[in-house]
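Below you'll find the structure, written out as structure tokens, and then a few comments.
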Amino acid sequence: MASVPSLAATVRRRVSEALSAALPEAGSADPLLRRSDRADFQANGMLALAKQLKGNPRELAAKVVGAIPANDEIRDIEVSGPGFLNITVSDAAVVRTLAARAADDRLGVPYAEHPGTTVIDYSQPNVAKEMHVGHLRSTVIGDAIVHVLEHRGERVIRRHHIGDWGTQFGMLIQYLTEHPTELDHESDASAGTEQGEAAMARLNRLYKSSRALFDSDEKFKARARDRVVQLQAGDEETLALWHKIVDESKTYFQAVYDELDVEIHDADIVGESAYNDDLQQIVKDLEESGVAVRSDGALCVFFDDVKGPDGNPTPLIVQKSNGGFGYAATDLAAIRDRVGRLHADTLLYVVDARQALHFRMVFETAQRAGWLPEGTAKQLAFGTVLGKDGKPFKTREGETIRLVDLLDEATERAAVVVREKAQDLTEEEIQDRAKQVGIGAVKYADLSNSMTRDYVFDLDRMVSLQGDTSVYLQYAYARIRSIFRKAGDHRPAPHPELELAPAERALALHLDEFGDTLAAVAEEYEPHKLAAYLYELASLYSPFYENCPVLKADTDAERENRLFLCDLTARTLHQGMALLGIRTPERL
Ligand code: ARG
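Here my numbering = 1-based position in the sequence shown + 2.
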């Protein structure tokens, strides 16, 4: 396993060294190298430098060129425009770099220099409730970020902060006590999805019946309130029923996760309830340190810049006047646990942007209390999923759309697309591929948008073969694999002595950027940059494939060299898609 510096990094180093050699007074100025259309790379750093040194940028650039020792990486370097450097690398250097990538299982992608511990809070649905598209986003984005960080060698601890606590449980449990058979069912050996859906159906029924009673029967309401107190006091019988409800929900969550093809481990589901025992201490410490103050009986934290529409300050409420704890208290306890006990260097929260104020106040409070070093916590706030009408995605009746229904529909649509194109697939294979295509489409549509943006949930577009979709990428991968079925599966040998056609060069230079892209994605937590990279890769593969015959190449060496590019393209697509949580079937 060897990490391979990208050509960009190599060229940047060479220009940098030349810069310091030619202009010692420049120190270690950044050559500002980037990919360019004119040549392979362009360095613009001489402009700012000339300004700083009060010199002529073209003369300065020429000095730098003169200071680059002869080497077989840079084929051509020239001063252009007001003082840019246009740099073209040699074909041999391109192929040699890619050969080093191909020889490595990680494609030469380096590990982070200083990996740390990240605790990531994502996929946090609520017990006894259906999962909705918001939970889909958190799950899909969180999953991709976990993969990318782990790939870089970061230690990642996952936390699914599920909503498993609160007053509504009093109502549910009380109803269960009075109707003990409500959640019962015949033990069935049905498949996971059905089991999950059946569990959710029972919970829905329980929720509706208890809600109806709660709203209509004052005496039941009072009994439900007492039940909350018993739950908080840890009454055994009450807790047992609470567990029953939570477990039923977990069966449902797990079924959705299976369908979504994401791996969520039970041990990482650490819900709000897990922090119960810490809440008293949190309150005590905040009050003693003066970070929080009593206001009308409630324990509040105030912020100069957070005001309601009436101009009055809106506090973060840590404890309600009736003594109850809310969402904020739990999040504060979770921070203390994650920083203090889990030793996190970074805390991430993949949560809807509409909770931005909550997190801002919670982070600030934790900082004031000394529990959270500044800059450690970050909300990866995502936008809203919209319907085609541009409004938040709801059914016509205004209800939230069930996630399972969406996923089923995506798979059905995908089956149509797969069947249309399928040449030698059995019906079973078609169904199998439909799942990978349908789920991939949903994930990709989410991940290819920058996460802060709202996006329209449009299945027609998501499963389209044209455009920036996962199916397009999956087909590109499958097409390459089919070439290898004809050529015989083997690791093709690169031929650095061959001259590259323009389409080969363009593809090759992009292949070389995989590692740099992953570093940027991990640095900024931006999976959409990986999606964009992969889309561009598939887009560059098409002209290569059209212009550069592979199996019918003129010579054996050329054929092998092109197969080599095909192989590296396929492996890059496969690894990149896997990091996004998307499958790449061998045949489509
Ligand atoms: N359960 C919440 C919801 O469905 C999300 C929880 C986010 N995480 C947290 N630590 N507050 O909106």
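Even for Gly, the Cβ is constructed at its ideal location relative to N, Cα and C.
Quick one: grab the DSSP three-state call for residue i.
i, result
"K554", "coil"
"R343", "helix"
"D460", "coil"
"L567", "helix"
"I164", "coil"
"T609", "Nothing in the structure corresponds to residue 609, since the chain is present only between 3 and 590."
"D307", "coil"
"N73", "coil"
"T120", "strand"
"K56", "coil"
"Q283", "helix"
"F86", "strand"
"Q468", "coil"
"N206", "helix"
"N46", "coil"
"F546", "helix"
"F171", "helix"
"D426", "coil"
Compute the minimum distance between the beta carbon of residue i and the heavy atoms of ligand 1, and state whether it is under 8 Å.
i, result
"N278", "no"
"I164", "yes"
"G136", "yes"
"V353", "yes"
"A69", "no"
"Y329", "yes"
"P127", "yes"
"A346", "no"
"G335", "Reading off the sequence, residue 335 comes out as Ala, not Gly. A335: no, Cβ never under 8 Å from ligand 1."
"D123", "yes"
"Q357", "yes"
Assuming residue i contacts residue j (C-beta within less than 8 Å), just tell me the rounded distance between them.
i, j, result
"T402", "A436", "Not really, about 25 Å apart at Cβ, beyond 8 Å."
"L374", "I337", "5 Å"
"D514", "L9", "5 Å"
"A102", "V6", "4 Å"
"T99", "Y124", "At roughly 35 Å, the Cβ-Cβ gap does not stay under 8 Å, so T99 and Y124 are not in contact."
"A379", "L349", "4 Å"
From the options, pick the residue whose C-alpha is nearest to that of residue i; which is it?
i, options, result
"S323", "V406, A300, R77", "A300"
"R77", "P84, A94, R227, F86", "A94"
"A41", "V66, N88, P317, E75", "N88"
"D107", "A4, D39, V13", "A4"
"T179", "R340, R229, A443", "R229"
"D263", "V81, D462, V96, G440", "G440"
"Q381", "I164, Q425, F365, K210", "F365"
"A64", "V341, L565, E75, E80", "E80"
"L408", "D462, A346, G85", "D462"
"I482", "F546, A505, A534", "F546"
"M133", "D434, F305, A203", "A203"
"L174", "F304, A214, A540", "A214"
"P112", "R139, M464, E152", "E152"
"V303", "P311, A276, A331", "A331"
Q | Inter-stretch contact (C-beta, 8 Å, three-pair minimum) for the segment 447-456 and the segment 422-430 | A | The segment 447-456 makes no contact with the segment 422-430, as fewer than three CB pairs between them are under 8 Å.
Q.
Does the segment 15-22 come into contact with the segment 63-70, if we say contact requires no fewer than three beta-carbon pairs (one atom in each stretch) closer than 8 Å?
A. Taking a cut-off of 8 Å for Cβ pairs, the segment 15-22 and the segment 63-70 touch, as three or more such pairs fall below it.
**Q.** Contact between the segment 147-167 and the segment 118-125 (3+ Cβ pairs under 8 Å)
**A.** With a cut-off of 8 Å on Cβ pairs, the segment 147-167 is in contact with the segment 118-125, counting three or more such pairs.
Q: Decide if the segment 567-581 is in contact with the segment 493-510; the criterion is three or more beta carbon pairs, one per stretch, under 8 Å apart.
A: Contact between the segment 567-581 and the segment 493-510 is present: three or more C-beta pairs spanning the two stretches fall below 8 Å.
Q.
Between the segment 393-407 and the segment 353-360, can you find at least three pairs of beta-carbon atoms closer than 8 Å?
A. By the C-beta criterion, the segment 353-360 is judged not to be in contact with the segment 393-407, since fewer than 3 inter-stretch pairs fall below 8 Å.
Q.
Under 8 Å, with one C-beta from each stretch per pair, do the segment 544-562 and the segment 39-51 reach the 3-pair mark?
A. Cβ pair count under 8 Å is below three, so no.
Q: Assess, as a yes-or-no matter, whether the segment 247-262 is touched by the segment 195-213 under the definition of 3 or more beta carbon pairs within less than 8 Å.
A: Three or more pairs of CB atoms, one per stretch, sit closer than 8 Å, so the segment 195-213 contacts the segment 247-262.
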